[in-house]
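Structure first, then comments.
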Amino acid sequence: MAGFSRTSLVPLIVAFGAFGIVTSHEASGADEIQNTNTTQAAPVPSSLRPISQQQLDGAAGDSASWLHSNGSYAETRYAPATQINTSNVAKLKPAFIFQTAVMESMETAPIVSNGVMFLTTSYNHVYAIDAVTGKEFWHYKHKMGPVTTFCCGPNNRGVAISGDRLFMGTLDAKLVALDAKTGNVLWSTQIADPEEGYSETMAPVVVDDKVLIGTNGGEYGIRGFVKAFDANSGQLLWTFYTIPDTGSEGVWAENDAVGRNMKRDIAAEKKTLAEKGGDFNKTLGGGVWMAPAIDRKTRTVYFVVGNPSPDLYGAIRPGDNLYTDSLVAVDLDTGKYKWHFQYIAHDVWDLDAVSPPILVDVKDKNGQMVPGILHGGKTGFVYVHDRRDGKLIRISEAMIPQEGVWTLPTPTGARMLPGANGGVEWSPMAFSPKTRMAYAANLHQPMTYQVEEAAYPGGKLWLGGAFKTIPSEQQWGRLVAVNVDTGKIAWGYKTDQPLIGGVLATAGGLVFNGEGNGLFRAFDAANGRKLWEFQCGAGVNAPAVSYMVNGKQYIAVAAGGNTQLDFKRGNSLLVFALP
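Offset between the sequence shown (1-based) and the numbering used here: plus 109.
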């Protein structure tokens, strides 16, 4: 649902023993940089140097930095540092807490380079702070346009970095380039029209001076895309539309990727298409709102595509609705289509593909190692593909209950599991090459699916019904480890609340994950045993990151709660280290 309210926190600084709470200060008028939205608190240290393409390519092996929102172009969210490990994680203590000026949902994955951290908040604030002490260097506040349209909170999941620049997508559907040393705006370009339902919450990805970004808006009747912009000028280089000009009807699939019949009335769909044509393609949805993965060797971009519009009322959008609910590969240099794999054709349950894909080598059905790609689905399965052609190699065991699949929505509401949030929501998975496991944060929310006729409302919320939790049924979460070479579940840890936010794995044999009740935890990656936890005071619904400064390893995570699941709000970034 659209949201417009804005809340800020009165600044406060408190210090406790060995660590401090550092609060962002709203600068006075004299501190404002003329003609900008940036306030300067202190000079950025000279140690902050431009980030080269070679550094971005080698980020997976860089213990000191965190240069991509998901750790690397492969998006494994695996940190190679071992200083914090299974033998000592129980001693982990807060190093500092940085409080932002925005008390609202936080989903940011901070970027860390040369001891400087860049984090974002809801409503598109960006902070540059000292990654050891939390000292603020600068604070950018995006001047929002007159219209913003977003369904699930005013979130932002982070910036991208390349050279001496940061890149951020905004709620009013702009792409902004900032000077990393000053926070000053270098350029800004309009990606799409927010009045038509477009917005940006994802962290962009920068590669070879191209800034890649998709779009939100699957609940508003947009036509989804991935676009590439020139990092130096902001000029549009190419666009791939997730709804093709022709052929969105696909193959009229009867079964989902697991082989279960989806109970479609294909004859009725074909009749509707023949009588009314394909104009609905212009508003068919298919947002791409999580970061794509990049295969540098083959110069391929991989991303997952969200739900069709309207979410539940499928009668006016006949066919498979390609490429919604799909994993898609395109050429990095041109945006040209390479292949796709659709998980759910003609989705009427809002079970879109959204958790970012992960690039790892996997065993094929003959036991041979091949280039693979993983996706954690809202459906509650981890899908393992051959990334050369998209063919499905295997599906994991179900991570959450599957009941009444695929019960069609009704005017009065029909129960089905999983609920519309998953499974694995947008939460990024992590992968450890040591255990050969993918780690997925799951939700269990029993829901009813209700459908109603709904014409396109012109950029307004357009669900075509409703999905509602069932008050009498328990909701919970489950952190699950899946062996990617067998599809077998190695372990699962059940949590009191549904999990949303993401996972970090480390070479120290650890997995980090947070919960909406404020608990941030470390687990043994091999067996799921809980080794440590800390109460952060607000929902930990963001993915953690790891970095090192002067030989010391730090774990950072945002605790700002979550609008979508209404977890307790906060405004803090917490950073932990060994004593």
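No residue lacks a Cβ here, since even glycine has one placed at the ideal position from N, Cα and C. Given the structure is predicted, the values throughout are model-derived calculations rather than measurements.
Buried or exposed by the 16-neighbour rule on C-beta atoms within 10 Å, applied to residue i
| i | result |
| --- | --- |
| residue 638 | exposed |
| residue 345 | exposed |
| residue 140 | Any reading at residue 140 must be qualified, since the residue scores a pLDDT of 29, below 50, and its modelled position is unreliable; the value itself is stated next. Burial call: exposed. |
| residue 568 | buried |
| residue 143 | For residue 143, the pLDDT reaches just 35, beneath the cut-off of 50, and the residue's location in the model is therefore unreliable, although a value from the coordinates is still provided. That one is exposed. |
| residue 590 | buried |
| residue 358 | buried |
| residue 519 | exposed |
| residue 700 | Beyond the ends of the chain as shown, which are 110 and 688, falls residue 700; an answer cannot be given. |
| residue 551 | buried |
| residue 521 | exposed |
| residue 606 | buried |
| residue 420 | buried |
| residue 156 | exposed |
| residue 377 | exposed |
| residue 138 | Since pLDDT at residue 138 reaches only 28, below the 50 mark, its modelled position is unreliable, and the value read off the structure follows with that caveat. Result: exposed. |
| residue 208 | buried |
| residue 675 | exposed |
| residue 679 | buried |
Three-state secondary structure (DSSP) of residue i
| i | result |
| --- | --- |
| residue 198 | helix |
| residue 183 | coil |
| residue 642 | strand |
| residue 490 | coil |
| residue 622 | strand |
| residue 168 | helix |
| residue 576 | strand |
| residue 597 | coil |
| residue 670 | coil |
| residue 142 | Its pLDDT being 33, under 50, residue 142 is placed unreliably by the model, and the measurement read from it follows with that caveat. The answer is coil: DSSP assigns residue 142 none of H, G, I, E or B. |
| residue 689 | Shown here, the chain extends from 110 to 688; a query on residue 689 therefore has no answer. |
| residue 420 | coil |
| residue 390 | helix |
| residue 662 | strand |
| residue 208 | strand |
| residue 162 | helix |
| residue 652 | coil |
Start-to-end residues for the alpha helix (DSSP H) that takes in residue i
| i | result |
| --- | --- |
| residue 299 | Residue 299 -> not in any alpha helix (DSSP H); beta strand (DSSP E) instead, spanning 294 to 299. |
| residue 381 | 375 to 385 |
Nearest-angstrom Cα separation, counted from residue j out to residue i
| i | j | result |
| --- | --- | --- |
| residue 133 | residue 644 | Confidence in residue 133 is poor, its pLDDT being 44 and thus under 50, which makes the residue's placement unreliable; the coordinate value appears in the next sentence. Computed Cα separation, rounded: 21 Å. |
| residue 692 | residue 387 | Past the boundaries of the shown model lies residue 692; the chain is included only from 110 to 688, so the question cannot be answered. |
| residue 647 | residue 447 | 43 Å |
| residue 585 | residue 685 | 27 Å |
| residue 630 | residue 242 | 22 Å |
| residue 665 | residue 327 | 31 Å |
| residue 374 | residue 429 | 12 Å |
| residue 331 | residue 424 | 18 Å |
| residue 536 | residue 486 | 10 Å |
| residue 417 | residue 458 | 10 Å |
| residue 603 | residue 672 | 22 Å |
| residue 165 | residue 476 | 32 Å |
| residue 269 | residue 293 | 15 Å |
| residue 367 | residue 257 | 38 Å |
| residue 214 | residue 282 | 19 Å |
| residue 523 | residue 259 | 27 Å |
| residue 600 | residue 470 | 22 Å |
| residue 498 | residue 408 | 14 Å |
| residue 347 | residue 194 | 44 Å |
| residue 467 | residue 271 | 21 Å |
| residue 289 | residue 314 | 16 Å |
is_contact[residue i, chain D] using C-beta, thresh 8 Å
| i | result |
| --- | --- |
| residue 213 | No chain D appears in the structure shown, which is made up of a single protein chain. |
Span of the beta strand (DSSP E) around residue i
| i | result |
| --- | --- |
| residue 552 | 546 to 553 |
| residue 480 | 478 to 485 |
| residue 412 | 409 to 413 |
| residue 680 | Neither: residue 680 is in no beta strand (DSSP E) and is coded neither H nor E. |
| residue 525 | 523 to 525 |
C-beta contact flag for residue i and residue j at 8 Å
| i | j | result |
| --- | --- | --- |
| residue 276 | residue 235 | no |
| residue 397 | residue 324 | yes |
| residue 426 | residue 389 | yes |
| residue 483 | residue 593 | yes |
| residue 422 | residue 574 | yes |
| residue 312 | residue 274 | no |
| residue 154 | residue 224 | yes |
| residue 309 | residue 278 | yes |
| residue 507 | residue 528 | no |
| residue 668 | residue 187 | no |
| residue 652 | residue 218 | yes |
| residue 464 | residue 556 | no |
| residue 616 | residue 546 | no |
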